[in-house]
Amino acid sequence: MAKDKAQDQLEPARHAADTADPTGIGRLLAIMAALRDPETGCPWDIEQDFASIAPYTIEEAHEVADAIARKAWEELPGELGDLLLQVVFHAQMADEAGMFGFADVVGHVTTKMIDRHPHIFGDESRDKSAEQQVRDWEAIKARERAAKAERGVLDGVALGLPALTRALKLQNRAARVGFDWPGPQDVLNKIAEESRELVEARDSADHTHLTEEFGDLLFVMANLARHLDIDPEEALRMANAKFTRRFRAIEAALAADGRRPEDSDLAEMDQLWDAAKAAERG
0 MAKDKAQDQL EPARHAADTA DPTGIGRLLA IMAALRDPET GCPWDIEQDF
50 ASIAPYTIEE AHEVADAIAR KAWEELPGEL GDLLLQVVFH AQMADEAGMF
100 GFADVVGHVT TKMIDRHPHI FGDESRDKSA EQQVRDWEAI KARERAAKAE
150 RGVLDGVALG LPALTRALKL QNRAARVGFD WPGPQDVLNK IAEESRELVE
200 ARDSADHTHL TEEFGDLLFV MANLARHLDI DPEEALRMAN AKFTRRFRAI
250 EAALAADGRR PEDSDLAEMD QLWDAAKAAE RG
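See the structure below:
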């Protein structure tokens, strides 16, 4: 009986997918509703809430970024679909709570994109530089924040962002009102200062203070990335990928001799690391 009910829930969406719903979004919405049905749905899906699903949303967004970074274009449709499912999941839970539905999500972003592109959908001239368009975009967002009573310069920077990304956004906001170092050399001088303070904190017994000083150094490093027009998240992803490649080269070299890293020592692995680095550069 439960299976029959679930099938009945999907039936209208099957026909919609063939005619008025060529994208299949109606079918996806129906599937999500069926999964959340309190009587016939999936027990795991039923017990989820916004907080429990949020980490999966973040994870799926990272997997989209990973597929793009690897140029795995054949994987990208699936990863984008997984991310879309997260939006549908949140919208379904909101609909059940009488808060909003998927149509409201679409309506909000549609209105936002029209409002933020007056040079395309309004009366403003399209003859603008990319820099001017960025300034206009930020001015529009500032008006939107003001309408939501977000008066402070840093209001609205999401707490859930990756820490390096949030640091960059906070610094960008502050820079717009003139709170910024004049150039990269000033930031490098600050990095040297924060490095000295970290060394001093290392020699103390206060781990909380050590953590604070380490955070200060990371924050200034993010600011240097901003001054050099570098995305710090992307730079760290590249560094992670480089480390992974070179360590795997160490493993491969040792495996050719019938050994594993734990059978080696630091001196030998350093030599193999340098060999992997030289091979990459060659």
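Throughout the sequence shown, residue numbering follows numbering that gives the first Met the number 0, covering 0 to 281 in sequence.
Quick reminder that beta carbons are idealized off the backbone N, C-alpha and C, glycines included.
**Prompt:** Helix, strand or coil: which one does DSSP assign to P117?
**Reply:** helix
**Message:** Measuring straight from C-alpha to C-alpha, what distance separates D215 and R195?
**Reply:** 12 Å
**Prompt:** Which term fits A71, buried or exposed, when burial requires 16 or more other beta carbons within 10 angstroms of its beta carbon?
**Reply:** exposed
**Request:** Return helix, strand or coil for M98, following the three-state DSSP convention.
**Result:** coil
**Asked** Just to confirm, are A90 and V104 a CB contact at a threshold of 8 Å?
**Response** yes
**Same chain, Cβ closer than 7 Å to R172, five either side skipped, listed in chain order** = Excluding residues within five positions, the ones whose Cβ falls inside 7 Å are V152, L153, V156.
**Message:** Do R244 and W272 have their beta-carbon atoms positioned less than 8 Å apart in this structure?
**Reply:** no
**Message:** Could you give the first and the last residue of the continuous alpha helix (DSSP H) run that contains T243?
**Reply:** 231 to 254
**Message:** Is the beta carbon of N222 closer than 8 Å to that of Q170?
**Reply:** yes
**Item:** Nearest neighbour of M98, chosen from F49, P76, A64, E62 [CA to CA]
**Value:** F49
**Where R26 falls: helix, strand or coil (DSSP)** = helix
**Request:** For E46, count neighbouring C-beta atoms within 10 Å of its own C-beta (all shown protein chains included) and say buried if the count is 16 or more, exposed if not.
**Result:** Looking at its Cβ environment, which holds fewer than 16 other Cβ atoms inside 10 Å, E46 is exposed.
**Message:** Buried or exposed, going by whether 16 or more other CB atoms sit within 10 Å of the CB of G177?
**Reply:** exposed
**Prompt:** Buried or exposed: where does G40 fall if 16 or more other Cβ atoms within 10 Å of its Cβ makes it buried?
**Reply:** buried
**Prompt:** On the three-state DSSP scale, how would you describe T39?
**Reply:** Reduced to three states, the DSSP call for T39 is coil.
**Beta-carbon contacts of F213 that lie in its chain and below 7 Å, excluding the five residues immediately before and after** = L197
**Prompt:** What's the call for M220, buried or exposed, on a 16-neighbour Cβ count within 10 Å?
**Reply:** buried
**Cβ-based neighbour list, M268, same chain, cut-off 7 Å, excluding 5 preceding and 5 following** = I249, P260
**Cβ distance (whole Å) where P117 is taken to contact E232 below 8 Å** = Going by Cβ atoms, the distance from P117 to E232 rounds to 30 Å, so no, they are not a contact pair.
**Asked** Would A68 be called buried (16 or more neighbouring beta carbons within 10 Å of its own) or exposed?
**Response** Taking a 10 Å sphere around the C-beta of A68, we find fewer than 16 other C-beta atoms and assign the residue as exposed.
**Message:** Let's see if you can read the secondary structure: which residues bound the alpha helix (DSSP H) around A283?
**Reply:** This structure cannot settle anything about residue 283, because the visible part of the chain is limited to 0 through 281.
**Item:** Inter-residue spacing [alpha-carbon to alpha-carbon] between D262 and L163
**Value:** 37 Å
**Request:** Going by CA-CA distance only, name the one from L79, E74, L28, F88 that's closest to A53.
**Result:** F88
**Message:** In this structure, how does DSSP classify Q131 when only helix, strand and coil are distinguished?
**Reply:** helix
**Asked** Whose C-beta lies closer than 6 Å to the C-beta of A200 among residues of the same chain, with five residues either side of it excluded?
**Response** H208, L209, E212
**Prompt:** Under a three-way DSSP split, which group does D215 fall into?
**Reply:** helix
**Request:** Locate the alpha helix (DSSP H) running through K168, then write down its first and last residues.
**Result:** Segment 162 to 175, the alpha helix (DSSP H) holding K168.
**Asked** Where do the ends of the alpha helix (DSSP H) carrying L197 lie?
**Response** 183 to 201
**Message:** So, at 6 Å on beta carbons, what are the nonlocal neighbours of A224 in its own chain, with the 5 sequence-adjacent residues on each side left out?
**Reply:** P231
**Request:** Identify whether M85 lies in helix, strand or coil by the three-state DSSP scheme.
**Result:** The sequence as given places Gln at residue 85; Met does not occur at that position. Three-state result, Q85: helix.
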